[in-house]
Amino acid sequence: MPPDLLARLFQQRSMVRLIRFDEQHVANAGLQTIDSTLKSRFIRDHDLPEKMQLKKLYLISEADQQFYLTVSGVLLLTAKPSDYLSSAWIQCVAYRGMQRDANEQVDAQDYHEAIDMQINQAFAFVKRNMRVEAVKQPRRIDIPQYDLGAVYEAIVNAVAHRDYAVYGSKIRLHLFSDRLEITTPGGLPNSLTVDTIDSNSIARNETLVNLLSRYYPADPVSQRQNIIERRGEGVPKILSASERLSTRRPCYEQAEQNQAELKLTIYAASCEQNGLVEVFTN
Numbered sequence: 001m002p003p004d005l006l007a008r009l010f011q012q013r014s015m016v017r018l019i020r021f022d023e024q025h026v027a028n029a030g031l032q033t034i035d036s037t038l039k040s041r042f043i044r045d046h047d048l049p050e051k052m053q054l055k056k057l058y059l060i061s062e063a064d065q066q067f068y069l070t071v072s073g074v075l076l077l078t079a080k081p082s083d084y085l086s087s088a089w090i091q092c093v094a095y096r097g098m099q100r101d102a103n104e105q106v107d108a109q110d111y112h113e114a115i116d117m118q119i120n121q122a123f124a125f126v127k128r129n130m131r132v133e134a135v136k137q138p139r140r141i142d143i144p145q146y147d148l149g150a151v152y153e154a155i156v157n158a159v160a161h162r163d164y165a166v167y168g169s170k171i172r173l174h175l176f177s178d179r180l181e182i183t184t185p186g187g188l189p190n191s192l193t194v195d196t197i198d199s200n201s202i203a204r205n206e207t208l209v210n211l212l213s214r215y216y217p218a219d220p221v222s223q224r225q226n227i228i229e230r231r232g233e234g235v236p237k238i239l240s241a242s243e244r245l246s247t248r249r250p251c252y253e254q255a256e257q258n259q260a261e262l263k264l265t266i267y268a269a270s271c272e273q274n275g276l277v278e279v280f281t282n
């Protein structure tokens, strides 16, 4: 059975609490696929066998008397997770205008590394391609298009909570002149809706979220210690910080006829929107 179909079967079982999806083994990812550098952050007790430590963290599991990486293990311990989970990567595209037009592309990158690196690379992509306007009133005031803390949170949420069992569907981060769109495979988990997403917190990938909250430091711009802090403040921060900067509230959308994707739109700020006179643009 193809790995993606097997993953979908495991996810269906996990919905009735028989199996947790991100703790299931990936049949084509044996221990030889582990990157030793990526593994080192999880080895804390040198008196315990490494296999035991990785198994306790649900990064590996045993099947048919052999050890394999779990879904979480593939995402965190392999140099290129998409070799084993075909959808585990991020596509980033920046456009000069407001529409998807290949002739208007100014930057395009695909990120396939371990997912903590994908988060940092996608975040750097936005910082590199967004504009920063400046005014003098009477001193210089910089107005970035996006609140960077909110952007970082949005990327983390997309990577940590997406559905990795969706075959061939990557995260799409598209930057336009007037907005940032992040489309995540899998839609909303369990009972969440676009109307309740800011008041409820439900993790689709509980093991993955737990590991990101314990072992991975955050980018300093996020003003927190770890990539995920598990306080349930992520979506409210995205909404409030972005609206405060651009005066427009970000929008979550999940098409009624396509429950397999969730799109977040964050609107760009500008001096004109903020009632200021533009001096120059970086």
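Under the working numbering, the first residue of the sequence shown carries the number 1, and numbering increases by one thereafter.
Glycine included, each C-beta is placed from N, C-alpha and C at the ideal position.
Note that the coordinates shown come from a computational prediction; the quantities given were computed from them, not determined experimentally.
Can you round the beta-carbon distance between residue i and residue j to whole angstroms, since I take them to be within the 8 angstroms contact cut?
| i | j | result |
| --- | --- | --- |
| A160 | L212 | 6 angstroms |
| Q223 | G168 | No, Q223 and G168 are not in contact; Cβ-Cβ is about 36 angstroms, not under 8 angstroms. |
| E23 | T70 | 5 angstroms |
| Q109 | M130 | Q109 to M130, Cβ: 15 angstroms. No contact. |
| M184 | A218 | Here the sequence assigns Thr to residue 184, which means Met is not the residue at that position. About 20 angstroms; that fails the 8 angstroms criterion. |
| L57 | F42 | 6 angstroms |
| V221 | L180 | Not quite, the Cβ-Cβ distance comes to about 16 angstroms (not below 8 angstroms), so this is no contact. |
If we call anything under 8 angstroms between Cβ atoms a contact, is residue i one with residue j?
| i | j | result |
| --- | --- | --- |
| D142 | A134 | yes |
| S40 | L59 | no |
| A154 | I266 | yes |
| L262 | L188 | yes |
| E50 | A79 | no |
| V26 | Y68 | yes |
| L264 | R249 | no |
| Q254 | V194 | yes |
Got a sec, what are the start and stop residues for the alpha helix (DSSP H) residue i sits in?
| i | result |
| --- | --- |
| R179 | It is not in any alpha helix (DSSP H) - R179 instead sits in the beta strand (DSSP E) that spans R179 to P185. |
| P236 | G234 to S246 |
| V209 | E206 to Y215 |
| S40 | Looking at the DSSP string, S40 is not in any alpha helix (DSSP H), and its letter there is neither H nor E. |
How is the beta strand (DSSP E) around residue i delimited, first residue to last?
| i | result |
| --- | --- |
| K56 | K56 -> not in any beta strand (DSSP E); alpha helix (DSSP H) instead, spanning E50 to K56. |
| I115 | Per DSSP, I115 belongs to no beta strand (DSSP E); it is in the alpha helix (DSSP H), I115 to N129. |
| T70 | Q66 to T70 |
| H112 | Unbroken run through H112: none, as it is neither H nor E. |
| K136 | V132 to K136 |
| H174 | I171 to L175 |
With which residues is residue i paired in a DSSP beta bridge?
| i | result |
| --- | --- |
| I141 | V135 |
| E62 | F67 |
| K80 | According to DSSP, which records beta bridges pairwise, K80 is partnered with nothing at all. |
Problem - Inter-stretch contact at 8 angstroms, needing at least 3 Cβ pairs: the stretch 104–123 / the stretch 230–247 - result: no
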